[in-house]
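First the structure, in the form of structure tokens, and then the observations on it.
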Amino acid sequence: MCGIVGFLDKSGNRQAAVGQTLLDMLSALDRRGPDSSGVAVYADRGADACVLRIKLGEHGPFETLADAVVERVKSLVSVSAVDVQGPSLRLVATPPENPESLERAIEAAGSSVEVVSLGNRLELVKQVGSPANLEATYAVSSYVGTHGIGHTRMSTESRVDLSHSQPFWAHGRADVAVVHNGHITNYHKMRRIYEQQGHRFYTGNDSEIIGLYLADRMAQGASFSDALQTSLTDFDGAFSYLAASEDSLGYVKDPFAFKPLVVTDTPAYVAIATEEQALRSALGDDFPVWEPGVNTVMTWTVERGVGS
Amino acid sequence: MKDIDCTDKTSRVVNQEIRQHIQAGETELRVHHPQARHNLGVAILQPVNLTMTGSVGYYCGGLIDGARIEVQGSCGWGLAESMLSGTVIVNQNAGNSAAASIRGGTVVVRGSASSRAGIAIKGGTLIVQGNSGYMTGFMMQKGTIIVCGDTAEALGDSMYEGRIFVGGRISDLGNDAVIEEVTDQDRSFLTTTLAEYDIEAPAAFQKIVSGRRLWQFDKKDFDTWREAL
Numbered sequence: 006m007c008g009i010v011g012f013l014d015k016s017g018n019r020q021a022a023v024g025q026t027l028l029d030m031l032s033a034l035d036r037r038g039p040d041s042s043g044v045a046v047y048a049d050r051g052a053d054a055c056v057l058r059i060k061l062g063e064h065g066p067f068e069t070l071a072d073a074v075v076e077r078v079k080s081l082v083s084v085s086a087v088d089v090q091g092p093s094l095r096l097v098a099t100p101p102e103n104p105e106s107l108e109r110a111i112e113a114a115g116s117s118v119e120v121v122s123l124g125n126r127l128e129l130v131k132q133v134g135s136p137a138n139l140e141a142t143y144a145v146s147s148y149v150g151t152h153g154i155g156h157t158r159m160s161t162e163s164r165v166d167l168s169h170s171q172p173f174w175a176h177g178r179a180d181v182a183v184v185h186n187g188h189i190t191n192y193h194k195m196r197r198i199y200e201q202q203g204h205r206f207y208t209g210n211d212s213e214i215i216g217l218y219l220a221d222r223m224a225q226g227a228s229f230s231d232a233l234q235t236s237l238t239d240f241d242g243a244f245s246y247l248a249a250s251e252d253s254l255g256y257v258k259d260p261f262a263f264k265p266l267v268v269t270d271t272p273a274y275v276a277i278a279t280e281e282q283a284l285r286s287a288l289g290d291d292f293p294v295w296e297p298g299v300n301t302v303m304t305w306t307v308e309r310g311v312g313s
Numbered sequence: 002m003k004d005i006d007c008t009d010k011t012s013r014v015v016n017q018e019i020r021q022h023i024q025a026g027e028t029e030l031r032v033h034h035p036q037a038r039h040n041l042g043v044a045i046l047q048p049v050n051l052t053m054t055g056s057v058g059y060y061c062g063g064l065i066d067g068a069r070i071e072v073q074g075s076c077g078w079g080l081a082e083s084m085l086s087g088t089v090i091v092n093q094n095a096g097n098s099a100a101a102s103i104r105g106g107t108v109v110v111r112g113s114a115s116s117r118a119g120i121a122i123k124g125g126t127l128i129v130q131g132n133s134g135y136m137t138g139f140m141m142q143k144g145t146i147i148v149c150g151d152t153a154e155a156l157g158d159s160m161y162e163g164r165i166f167v168g169g170r171i172s173d174l175g176n177d178a179v180i181e182e183v184t185d186q187d188r189s190f191l192t193t194t195l196a197e198y199d200i201e202a203p204a205a206f207q208k209i210v211s212g213r214r215l216w217q218f219d220k221k222d223f224d225t226w227r228e229a230l
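In order, the protein sequence lines correspond to chains A and B. Anchor point for the first sequence: position 10 equals 15 in the working numbering, and the numbering is continuous, going up by one each time. Anchor point for the second sequence: position 146 equals 147 in the working numbering, and the numbering is continuous, going up by one each time.
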């Protein structure tokens, strides 16, 4: 079933309680996705910051792998912070000239190593377990920023593990992340084409291809919002998904309106969730909501802001 | 009049409290802080009045027979699904499939309804004061849908019988849905029905019914089918 949530502060507050809000919304959708959960939060982390979240493996111990990864990263960029939380290695580095080469170098450290997110403003954490477990591991309630997305997972077709949980970072495109509820039914056909073009897939989860598609379109010059728009015709299936970039949040509703999505757009914030329950329990009763129609895309932007 | 507070309660517990009050003879109930919970007020078979002083989730008022439910906020999917008789009113917007499969009674959405409003309705009346979404009236069997505002793609797709009245703009007709002349009888029915819910009728309505070309399949009608589909 899955539950997706998104939040964007419109008041200009660069340290809005995005993590807390996403956590509250996800907790209300817990029963839609008992397998895994995750959030992606966007905040000012410094003009020259590249934040990396790296999965070291599914099962520990992780110390040797962590050291190996850090060594490889240091050979390409300067590293200012290193932090290991469970299977997740967090690094803050200077931006690489070639993010793809950095990603390849990191993943060469071990077959279980995967770059879970890379970005100037993006911080992405996810794992098997409930939103409460996610909070226990990462204290996401303390994450502040401008906007973010989150996900609770009920696996329908692929494995239950960290790599298969969401949000999915759009590998190769800094800061872009996606959460999805539904099925991309032409996934296998599209995957073959992307693999022939040299793209790597990390899971058998159809949701992964959304971010890859957006990154590919944006690499060809499409804007974030145009890429969301063309996905309506390029994807087949039932899908409500949210995508976020360093300064934007958007939703896409499929041509059949098969997957629920509820939106509120107030002067203070935008909040989007699979069910209204998430909005009410996180944000109260004082705003109206609507369910978007078929084939709709809407995006919101925050000011890029200067890093601290 | 009895008040029920949903805070820290599951839908099941709230519904049990509703039933207990009704059994004790209460006819007026107010349900507070529903916060979009699902399945509230389902299968109430007595002519009681329920007011939800907030938003409800999916299937509010489903399977009721004779009750009157007013939702002060918005609702999710499947409002009043399969209602036999009664009245369900939502003051804000409705999610997908409002009044799905109802057999009788009246559903009023004062805001706008989303996709598949009135899907497969078998009797009764759905009134949407605002706009109504994709595939409104899909596979409608009997009954009446009245949309005061605009309708979206595929209106009345694959209707059997029943009729849809639209006061605003029809952007697109569904498979085998056709426009028919509105009669004087229709007009007085619309004025009376909308007045009952304090809705000002738009200046004029269009009427949509089934074109009946998809009712039976005969090999020689294949071209009709191909065109319709």
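From the three backbone atoms N, C-alpha and C, an ideal C-beta is built for every residue, glycine too.
Looking at the C-beta of B:R38, does it have a partner C-beta in chain C at a distance below 8 angstroms?
-> No chain C is part of this structure, whose protein chains are labelled A and B.
What does A:R109 touch in chain B if you count any residue whose Cβ is under 8 angstroms from its own?
-> Here the premise fails: no neighbours, minimum Cβ distance about 44 angstroms.
Below-8 angstroms beta-carbon distance, B:A101 vs any chain A residue | no
Would A:E68 be called buried (16 or more neighbouring beta carbons within 10 Å of its own) or exposed?
-> exposed
How would you list, in chain order, the residues of chain B whose beta-carbon sits under 9 angstroms from the beta-carbon of A:E281?
-> Q36, A37, S56, V57, G58, G74, S75, C76, G77 and G96
Please state whether DSSP places B:F190 in a helix, a strand or coil.
-> helix
A:S245, enclosing beta strand (DSSP E) - first and last residue = G242 to A249
Since I believe A:K131 is in contact with A:S42 (beta carbons under 8 angstroms), could you give me their beta-carbon distance rounded to a whole number of angstroms?
-> 7 angstroms
Can you find a C-beta in chain A that's less than 8 angstroms from the C-beta of B:S172?
-> no
Closest by CA to A:Y192, which one among A:N138, A:E308 and A:G216?
-> A:G216
Taking only the alpha-carbon atoms, compute the straight-line gap between A:T238 and B:S116 and give it to the nearest angstrom.
-> 19 angstroms
Three-state class that DSSP yields for B:H22 in the structure shown = helix
State the Cα-Cα distance for the pair A:G11 and A:L27, rounded to the nearest angstrom.
-> 7 angstroms
Completely contained alpha helix (DSSP H) runs for the region 27-87 of chain A, where each covers 4 or more residues = 68-79
Looking at A:D49 and A:N158, is the spacing between their C-beta atoms short of 8 angstroms?
-> Reading the sequence as shown, one finds Arg at residue 158 of chain A and not Asn. In this structure, A:D49 does not lie closer than 8 angstroms to A:R158 by Cβ.
Is DSSP giving A:G24 helix, strand or coil here?
-> helix
Taking C-beta to C-beta, are A:A114 and A:R77 nearer than 8 angstroms?
-> yes
Helix, strand or coil for B:M160 per DSSP?
-> coil
Anticipated Cβ contact below 8 angstroms, B:G212 with B:D177, distance rounded | 5 angstroms
First and last residue of the alpha helix (DSSP H) that includes A:T238?
-> F229 to D239
Could you check the C-alpha separation between B:A153 and B:A114 for me, to the nearest Å?
-> 10 angstroms
Check A:E112 in the structure and name its three-state DSSP category.
-> helix
Taking C-beta to C-beta, are B:T239 and B:V15 nearer than 8 angstroms?
-> Residue 239 of chain B lies beyond the range of chain B shown here (2 to 230); nothing can be said about it.
Reduced DSSP category for A:E281 - H, G, I as helix; E, B as strand; rest coil | helix
Once you ignore the five residues that flank A:A110 on each side, which residues in its own chain have a CB closer than 7 angstroms to its CB?
-> R77 and L81
When burial is assigned at 16 or more other CB atoms within 10 Å of the CB, is B:N40 buried or exposed?
-> buried
What is the residue span of the beta strand (DSSP E) that B:L127 lies within?
-> K123 to V129
Quick one: grab the DSSP three-state call for B:V239.
-> Residue 239 of chain B is absent from the structure shown; chain B starts at 2 and stops at 230.
Kindly list the residues whose CB is nearer than 7 angstroms to the CB of A:I214, restricted to its own chain and excluding five residues on each side of it in sequence; keep chain order.
-> I189, Y192, M195 and R196
Do B:G67 and B:I103 have their C-beta atoms closer together than 8 angstroms?
-> no
Closer than 8 angstroms, CB to CB, is A:P136 near chain B or not?
-> no
Where B:Q142 and B:F223 are concerned, what is the direct C-alpha to C-alpha distance, given to the nearest angstrom?
-> 23 angstroms
Going straight from the alpha carbon of B:Q24 to that of B:V32, what length do you get?
-> 17 angstroms
Where DSSP assigns a beta bridge to B:A114, which residues make up the other side?
-> B:A95
In or out: A:P272 buried (at least 16 other Cβ within 10 Å) or exposed?
-> exposed
For B:E71: DSSP bridge partner residues = B:T52 and B:I90
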